[in-house]
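Visitor: Got a structure for you, written out below as structure tokens; questions coming shortly.
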Amino acid sequence: MSTPSPAAGPPTGPVRVALVGTGNIARFHAEALRSLPEQAEIVAAVDVDTEALSAFRSRFAVPAGYTDLTEMLDRERPELVHVCTPPGLHRSQVEACLGAGASVLVEKPPALSLAEAEKMAAAEGGERGPWMATVFQHRFGSGARRVRALAEAGVLGRPLVAACHTTWFRPQEYFDVPWRGRWETEGGGPTMGHGIHQMDLLLSLLGEWTEVSAVARRQARDIETEDVSLARVDFAGGAVASVVNSLVSPQEESRIRIDFERATVELVHLYGYGDDNWRITPAPGYEDEVTAAWEGGEWGTDSGHRAQVSQVLAALRGGTAPPVTSAESLRTMRLVAGVYASAFQGRPVTPADLGPESPFHTRMDGGGVRW
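Anchor point for the sequence shown: position 14 equals 15 in the numbering used here, and the numbering is continuous, going up by one each time.
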């Protein structure tokens with residue numbers, strides 16, 4: 002692997018951005034970038050599907066199109082690349098971009114395994130970049146930022162009990178796409194590819210996890226991976242959480258609830274939230290203090306891609322590593338690996354159990370399907 006090209010310093014104007022992959026998720030990236038014209042300029046798109054590439058370029062007025070990533074990097078010299086391809090392609094594409102001196106914003110999950118994610122992080126350029134950030138946009142809505150601010154200020158007291166449930170529905174036809182539902186190309190089922198957003202948000206609110214005990218099942222779908230997982234997760238701060246990830250739930254919902262000493266905070270939504278999706282219930286005796294702090298907090302930003310993209314662009318223009326850093330995304334990936342390791346080994350798992358000697362470090366299924 003080549004050493005990343007030396008960083009040329011922070012962009013002096015709008016960040017030159019390229020997108021790799023022009024499928025449905027790339028649309029959200031392009032819309033976010035187009036809404037920030039003073040911060041970003043889309044210079045190119047890459048896709049092996051020439052029809053999809055042409056349609057994407059036309060829709061978003063992208064000046065250049067390529068079917069080869071290396072050629073695009075060499076000719077366009079983007080400062081940031083949004084990687085919006087299936088998970089099995091992420092590592093090679095991210096490393097190619099970093100090697101060419103471009104920072105990367107990669108869709109979730111960033112890699113198929115902890116080992117891959119660590120190698121991608123090792124390809125970063127250090128303090129001056131280029132850097133890799135992962136799309137975990139739910140951290141950036143004003144509701145989540147308000148909860149973190151109140152928790153850090155001590156207004157809510159200690160977190161005690163939490164629930165993090167991603168209960169969605171995907172029919173069997175959804176998995177007819179060849180790369181879906183397979184360990185080799187998707188890395189896992191709903192724990193890896195769907196509930197990871199909610200799990201990342203939970204970790205951003207509660208901090209380091211210390212132990213997980215889990216089960217995984219194939220309840221209804223004919224796939225290699227699980228379609229359901231359930232876990233108990235312990236946190237360093239003393240909280241304990243139930244985590245459910247499902248693709249067999251006809252009534253779809255994404256829910257996080259945290260019972261702090263002085264209030265219950267609850268988020269109920271589906272694929273993204275606004276301020277109206279949050280609710281706070283103060284404990285008796287704390288109504289005035291908690292309500293005043295809640296109403297006086299940050300408001301007005303939903304959890305769409307724009308919230309994170311704007312912060313990524315601002316960080317790059319300021320010469321600093323963009324959020325969510327590789328270290329932070331590794332913490333979330335480590336919890337995903339912990340769920341699988343616990344489920345397939347039938348025992349509690351800690352972060353220390355997931356080092357290079359663990360089979361779950363190199364593959365989320367531990368090297369073989371356990372059904």
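Quick reminder that beta carbons are idealized off the backbone N, C-alpha and C, glycines included.
1. Which residues in the same chain as A116 place their Cβ atom closer than 8 Å to its Cβ, once the five residues preceding and following it in sequence are excluded?
2. Tell me the residue span of the alpha helix (DSSP H) that contains A344.
3. When we look at the beta-carbon of E96 and count the other beta-carbons within 10 Å, is it buried (16 or more) or exposed?
4. Among S205, A232, E209, L314, which residue has its Cα nearest to the Cα of A215?
5. Which residues bound the alpha helix (DSSP H) around P357?
6. Is P283 near the ligand FMN, going by C-beta to nearest heavy atom under 7 Å?
7. Based on the DSSP output, what are the partners of W210 in its beta bridges?
8. What residue does the alpha helix (DSSP H) around L70 start on, and which one ends it?
9. Roughly how many whole angstroms lie between the Cα atoms of S255 and N246?
10. Sort L331, P323, V63, A344 by Cα distance to P11 and report the nearest one.
11. Where do the N-terminal and C-terminal ends of the alpha helix (DSSP H) with R92 fall, by residue?
12. Ignoring anything shorter than 4 residues or poking outside the region 12 to 52, list the alpha helix (DSSP H) runs there in chain order.
13. How about E299 and F170: are their beta carbons less than 8 Å apart?
14. Going straight from the alpha carbon of E39 to that of E119, what length do you get?
15. Considering Cα atoms alone, identify which of F141, P131, V241 is closest to L317.
16. Give me whichever residues DSSP pairs with H166 in a beta bridge.
17. Going by DSSP, name the residue or residues bridged to H83.
18. For Q173, count the other beta carbons within 10 Å of its own beta carbon; 16 or more makes it buried, fewer makes it exposed. Which is it?
19. To the nearest angstrom, how far is the alpha carbon of G369 from that of V178?
20. Quick one: give me the first and last residue of the beta strand (DSSP E) that H270 is part of.
21. Please report the straight-line C-alpha distance between L204 and P283, rounded to a whole angstrom.
22. What residue does the alpha helix (DSSP H) around W184 start on, and which one ends it?
23. Relative to the alpha-carbon of L268, which residue among G319, H166, E290, D69 has its alpha-carbon at the smallest distance?
24. Just to confirm, are A41 and V16 a CB contact at a threshold of 8 Å?
25. Here's the rule I'm using: 16 or more other beta-carbon atoms within 10 Å means buried, otherwise exposed. How should Q220 be labelled?
26. Can you look up R364 in the DSSP assignment and give me helix, strand or coil?
Guide: Inspection of the coordinates gives the following:
1. P357, H362, T363
2. 327 to 346
3. buried
4. A232
5. Careful: P357 lies outside any alpha helix (DSSP H) and carries neither H nor E.
6. The ligand FMN is absent from the structure shown, which contains no ligand whatsoever.
7. F236
8. 70 to 77
9. 9 Å
10. P323
11. 91 to 100
12. 25 to 35
13. no
14. 33 Å
15. P131
16. V245, R256
17. L20, L106
18. exposed
19. 22 Å
20. 264 to 270
21. 22 Å
22. 184 to 187
23. H166
24. yes
25. exposed
26. coil
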